[in-house]
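The block underneath contains the structure these notes are about, expressed in structure tokens.
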Amino acid sequence: MEMHNAKRVEIIIEAVMERQLTNALNEAGVTGYTILPVSGGSGRSGQWSREGQVSRAGGMVAVICLIRPERLDPLLEAAFAVVERHIGVVSVTDTQVLRAERF
Amino acid sequence: MDSILALAAANLVSPIILSFVLGLVAGLARSDLSFPEAIAKGLSLYLLFAIGFKGGAGVAAHGVDARLVAALLSGVALSLFLPFIAFALLRFLTRVSVTDAAAVAGHYGSISIVTFVAASTLLTGRGIPAESYMVAVAAAMEAPAILSALWLAAKRGGGTEQVGAELWREILLNGSIVLLLGAFVIGWVTGEEGLAEIQSFIVEPFKGVLCLFLLDMGIVAGRGLRGSRGVLSAGTVAFGILMPLVGAALGLAAGLALGLSLGGVVLLMVLGASASYIAVPAAMRVALPEANPALSLTLALGVTFPFNLTLGIPFYMMAAAAVTGS
Numbered sequence: 370m371e372m373h374n375a376k377r378v379e380i381i382i383e384a385v386m387e388r389q390l391t392n393a394l395n396e397a398g399v400t401g402y403t404i405l406p407v408s409g410g411s412g413r414s415g416q417w418s419r420e421g422q423v424s425r426a427g428g429m430v431a432v433i434c435l436i437r438p439e440r441l442d443p444l445l446e447a448a449f450a451v452v453e454r455h456i457g458v459v460s461v462t463d464t465q466v467l468r469a470e471r472f
Numbered sequence: 007m008d009s010i011l012a013l014a015a016a017n018l019v020s021p022i023i024l025s026f027v028l029g030l031v032a033g034l035a036r037s038d039l040s041f042p043e044a045i046a047k048g049l050s051l052y053l054l055f056a057i058g059f060k061g062g063a064g065v066a067a068h069g070v071d072a073r074l075v076a077a078l079l080s081g082v083a084l085s086l087f088l089p090f091i092a093f094a095l096l097r098f099l100t101r102v103s104v105t106d107a108a109a110v111a112g113h114y115g116s117i118s119i120v121t122f123v124a125a126s127t128l129l130t131g132r133g134i135p136a137e138s139y140m141v142a143v144a145a146a147m148e149a150p151a152i153l154s155a156l157w158l159a160a161k162r163g164g165g166t167e168q169v170g171a172e173l174w175r176e177i178l179l180n181g182s183i184v185l186l187l188g189a190f191v192i193g194w195v196t197g198e199e200g201l202a203e204i205q206s207f208i209v210e211p212f213k214g215v216l217c218l219f220l221l222d223m224g225i226v227a228g229r230g231l232r233g234s235r236g237v238l239s240a241g242t243v244a245f246g247i248l249m250p251l252v253g254a255a256l257g258l259a260a261g262l263a264l265g266l267s268l269g270g271v272v273l274l275m276v277l278g279a280s281a282s283y284i285a286v287p288a289a290m291r292v293a294l295p296e297a298n299p300a301l302s303l304t305l306a307l308g309v310t311f312p313f314n315l316t317l318g319i320p321f322y323m324m325a326a327a328a329v330t331g332s
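Quick mapping for you: the protein sequence lines, in order, are chains B and R.
Note that the numbering used here has the first sequence beginning at 370, numbered continuously upward.
Note that the numbering used here has the second sequence beginning at 7, numbered continuously upward.
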């Protein structure tokens with residue numbers, strides 16, 4: 370099976386910023402991403418959990434993009450403009466994908 | 007004094023308050039008792055719909071008068087003004103940053119709809135009627151405080167995002183405001199007949215659902231307090247108890263000036279005294295990302311909410327009764 374190099378960008382960000390982030394990604398031409406709920410965690414801002422929360426303020430989401438390596442910089446620039454001042458984590462890992470034409 | 011204590015004691019042993027206490031103890035004791043996020047949100051949606059619908063149906067039954075408009079305007083003015091007092095008081099009592107103080111001030115200018123619901127339920131239980139349109143006043147008081155908080159942050163040097171379309175959407179189209187106002191309008195349009203059609207769903211189970219919701223609020227508050235080491239200080243806790251008293255006093259003055267009934271005055275006091283933990287936190291996260299969310303939420307939900315629920319509401323009822331001579 371032929372594999373192709375790609376980048377996996379994982380952005381964990383406050384749930385209230387989800388729409389702003391995906392809008393920025395769309396404007397940067399990144400139209401493929403997956404949004405996952407994050408059940409809880411701990412970091413510089415302390416521990417948090419989705420359990421029992423009513424406000425979206427306490428929740429986080431993970432936005433995951435798989436892209437060709439040459440499209441990484443525009444994506445990071447677009448994402449950084451949104452996430453710069455907010456609680457969250459941005460990470461990039463090397464990965465491989467099948468069906469390269471889809472990315 | 008005896009009657010205040012008697013009222014507070016009677017309030018403390020109601021199922022509503024005891025449910026909250028159970029959750030608080032469970033949260034503090036690290037019990038694994040918890041509500042999934044979807045159920046907690048479902049309960050809050052039910053409460054917002056029910057209280058909005060009942061308020062609208064009440065207005066349909068009793069009609070609209072100039073006092074309703076005056077009450078709405080007073081509510082907006084209170085919500086705009088309270089953050090300035092909260093900001094000054096917090097900066098006087100503590101050393102929190104301008105951004106944190108502005109964010110907390112926004113929470114305290116806005117309202118806690120659950121505290122309002124709890125107070126309404128307790129008033130109903132004691133046979134004290136209140137103006138139905140107070141629900142609309144509650145909805146009108148949700149958002150203006152956010153603008154005051156952003157103004158404070160911008161003028162006093164705290165970082166703030168530009169108020170763009172996304173932030174306006176968060177402020178004006180927040181789900182809780184849309185549902186509360188929408189249900190109010192549906193109740194108003196359909197009136198008593200509409201209420202009779204769904205009474206078995208939104209009236210009879212209401213107190214039970216409120217108990218479950220407060221159980222969840224107690225768990226969240228307990229966990230917040232347990233993790234509040236380094237967040238709360240003596241000054242911030244003092245603020246969390248003093249500020250509701252200041253807000254209640256202004257609510258009392260506004261209620262008397264408007265000529266509201268005893269129940270209406272108590273509810274306006276409760277609205278002035280309570281702090282938001284649903285609508286404002288989300289807007290503050292968008293607008294003031296550098297503010298520490300743990301400080302605002304722990305103060306609003308871990309200090310002020312329990313204070314209002316246990317001691318505040320009975321005290322406001324006694325104060326309003328004494329002043330109005332009822």
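Cβ atoms here follow ideal geometry from the backbone N, Cα and C, with glycine treated the same way.
Selection of the stretch 116-139 of chain R by Cβ proximity to chain B, strictly under 8 Å:
Flagged: no residues at all.
Give every residue of the same chain whose Cβ lies closer than 7 Å to the Cβ of Thr121(R), excluding the five residues on either side of it in the sequence, and list them in chain order.
Reading the second sequence from its first residue, position 115 is the one you call residue 121(R). Same-chain partners within the cutoff: Val276, Ser280, Phe311, Asn314 and Leu315.
To the nearest angstrom, report how far apart Glu172(R) and His455(B) are at their CA atoms.
Position 166 of the second sequence, counted from the start, is the residue given in the question as residue 172(R). Position 86 of the first sequence, counted from the start, is the residue given in the question as residue 455(B). Computed Cα separation, rounded: 15 Å.
Would you say Ala341(R) and Ile22(R) are within 8 Å of each other, going by their C-beta atoms?
An answer regarding residue 341(R) cannot be provided, because it is not within the stretch 7 to 332 covered by chain R.
So with Cβ pairs under 8 Å, would you call Val466(B) a contact of chain R?
One-based indexing of the first sequence puts residue 466(B) at position 97. Chain R, which has no Cβ nearer than 8 Å to the Cβ of Val466(B), makes this no.
Neighbour flag for Arg291(R) against chain B, beta carbons, 8 Å:
As a working mapping, residue 291(R) is identified with position 285 in the second sequence. Closer than 8 Å: yes.
From this set, Ser332(R), Gly318(R), Thr330(R) and Ile284(R), which residue's C-alpha is nearest Ile128(R)'s C-alpha?
For the purposes of this step, residue 128(R) is taken as residue 122 along the second sequence, with counting starting at 1. One detail in the question is off: residue 128(R) reads as Leu in this sequence, not Ile. Checked all of Ser332(R), Gly318(R), Thr330(R) and Ile284(R); the closest Cα to Leu128(R) is Gly318(R).
Cβ-Cβ separation, Ala393(B) to Gln465(B) (assumed contact under 8 Å), whole Å:
By one-based count along the first sequence, residue 465(B) stands at place 96. By one-based count along the first sequence, residue 393(B) stands at place 24. The pair is not a contact, with the Cβ atoms about 26 Å apart (cut-off 8 Å).
Measure the beta-carbon distance from Glu137(R) to Gly230(R) and round it to whole angstroms, keeping in mind my assumption that it falls under 8 Å.
Counting from one through the second sequence, the residue named residue 137(R) turns up at place 131. Counting from one through the second sequence, the residue named residue 230(R) turns up at place 224. The Cβ separation is near 33 Å, so there is no contact.
How about Pro312(R): is its C-beta nearer than 8 Å to some C-beta of chain B?
As a first step, residue 312(R) is located in the second sequence; it is residue number 306 there, counting from the start. With 8 Å as the cut-off, Pro312(R) does not count as an interface residue toward chain B.
Which partner residues does Thr462(B) have in the DSSP bridge list?
Reading the first sequence from its first residue, position 93 is the one you call residue 462(B). According to DSSP, Thr462(B) bridges with Arg377(B).
What does Arg388(B) reach in chain R if we use C-beta pairs closer than 9 Å?
Here residue 388(B) corresponds to residue number 19 of the first sequence, with the count starting at 1. Correct list: Glu172 and Arg175.
Comparing the C-beta of Pro89(R) with each C-beta of chain B, is any distance below 8 Å?
What you label residue 89(R) is simply residue 83 of the second sequence in a count that begins at 1. It does not; no Cβ of chain B falls within 8 Å.
Thinking C-beta only, is Phe90(R) closer than 8 Å to Leu201(R)?
The residue you call residue 201(R) lines up with position 195 of the second sequence. The residue you call residue 90(R) lines up with position 84 of the second sequence. For the pair Leu201(R) and Phe90(R), the CB atoms are not nearer than the 8 Å cut-off.
With 9 Å as the C-beta to C-beta threshold (strictly closer), list the residues of the stretch 381-412 of chain B near chain R in chain order.
Glu383, Ala384, Val385, Met386, Arg388, Gln389, Asn392, Pro406 and Ser408
Val309(R) to Asn395(B) span [Cα, whole Å]:
Residue numbering aside, residue 309(R) sits at position 303 when the second sequence is read from its first letter. Residue numbering aside, residue 395(B) sits at position 26 when the first sequence is read from its first letter. Answer to the nearest angstrom: the Cα atoms are 42 Å apart.
Secondary structure at Thr100(R), three-state DSSP: helix, strand or coil?
Locating residue 100(R) in the second sequence gives position 94, counting from the first residue. Reduced to three states, the DSSP call for Thr100(R) is coil.
Inter-residue CB distance, Ser25(R) and Leu220(R) (contact presumed, cutoff 8 Å)
If you number the second sequence from 1, residue 25(R) lands on position 19. If you number the second sequence from 1, residue 220(R) lands on position 214. That belief holds up - the Cβ atoms of Ser25(R) and Leu220(R) are roughly 5 Å apart, short of 8 Å.
Any idea what DSSP makes of Leu435(B), helix, strand or coil?
In the first sequence, the residue the question calls residue 435(B) occupies position 66. Three-state DSSP puts Leu435(B) in a strand.
Could you confirm whether any beta carbon from chain B is found closer than 8 Å to the beta carbon of Ala35(R)?
The residue labelled residue 35(R) in the question sits at position 29 within the second sequence. Ala35(R) does not count as touching chain B.
Who are the Cβ neighbours of His113(R) in its own chain at under 6 Å, not counting the five residues just before and after it?
The count along the second sequence starts at 1 and reaches residue 113(R) at position 107. If we look at His113(R) and ignore the five residues flanking it on each side, its Cβ neighbours are Ala281, Ser282, Val286, Ser302 and Ala306.
Between His68(R) and the rest of its own chain, which residues show a CB-CB distance below 7 Å, the 5 nearest in sequence each way excluded?
Locating residue 68(R) in the second sequence gives position 62, where the first residue counts as 1. Hits under 7 Å: Ser138.
Would you mind giving the Cβ-Cβ distance between Ala288(R) and Asn180(R), rounded to the nearest angstrom? I have them listed as a contact below 8 Å.
As a first step, residue 288(R) must be located in the second sequence, where it is residue number 282. As a first step, residue 180(R) must be located in the second sequence, where it is residue number 174. That belief holds up - the Cβ atoms of Ala288(R) and Asn180(R) are roughly 7 Å apart, short of 8 Å.
According to the neighbour-count rule (16 or more other Cβ atoms, all chains shown, within 10 Å of its Cβ), is Ile183(R) buried or exposed?
Your numbering for residue 183(R) matches position 177 in the second sequence. With 16 or more Cβ atoms within 10 Å of its Cβ, Ile183(R) is classed as buried.
Listed in chain order, which residues of the stretch 206-228 of chain R have Cβ atoms closer than 7 Å to some Cβ of chain B?
Asp222, Ile225 and Val226
Do three or more CB pairs link the stretch 41-58 of chain R to the stretch 207-219 of chain R at distances below 8 Å?
yes
Ile117(R) by DSSP, collapsed to three states: which one?
For this step, residue 117(R) is matched to residue 111 along the second sequence. The answer is coil: DSSP assigns Ile117(R) none of H, G, I, E or B.
Output yes if chain R places a C-beta closer than 8 Å to the C-beta of Ala426(B); else output no.
Position 57 of the first sequence, counted from the first residue, corresponds to residue 426(B). Taking Cβ atoms only, chain R reaches closer than 8 Å to Ala426(B), which makes this a yes.
Residue span of the beta strand (DSSP E) that contains Pro320(R), given as start and end
As a working mapping, residue 320(R) is identified with position 314 in the second sequence. Looking at the DSSP string, Pro320(R) is not in any beta strand (DSSP E); the run it does join, the alpha helix (DSSP H), is Ile319 to Thr330.
The beta strand (DSSP E) that contains Leu405(B), what's its start and end?
As a first step, residue 405(B) is located in the first sequence; it is residue number 36 there, counting from the start. It spans Thr403 to Val407 - the beta strand (DSSP E) in which Leu405(B) sits, taken as one unbroken run.
How about the stretch 68-81 of chain R and the stretch 141-155 of chain R: do they share at least three Cβ pairs that are nearer than 8 Å?
With contact defined as three or more Cβ pairs closer than 8 Å, the stretch 68-81 of chain R and the stretch 141-155 of chain R are in contact.
Just to confirm my understanding: we take Val65(R), look at its own chain, exclude 5 residues before and 5 after, and list those with CB closer than 6 Å. What are they?
Here residue 65(R) refers to the residue found at position 59 of the second sequence. Correct list, in chain order: Ser138, Tyr139 and Trp194.
Using 8 Å as the limit for Cβ to Cβ distance, is Glu148(R) near chain B?
Position 142 of the second sequence, counted from the first residue, corresponds to residue 148(R). It does not: the Cβ of Glu148(R) has no partner Cβ on chain B nearer than 8 Å.
Is the CB of Gly188(R) under 8 Å away from at least one CB in chain B?
The residue labelled residue 188(R) in the question sits at position 182 within the second sequence. Judged by the 8 Å Cβ criterion, Gly188(R) is not in contact with chain B.
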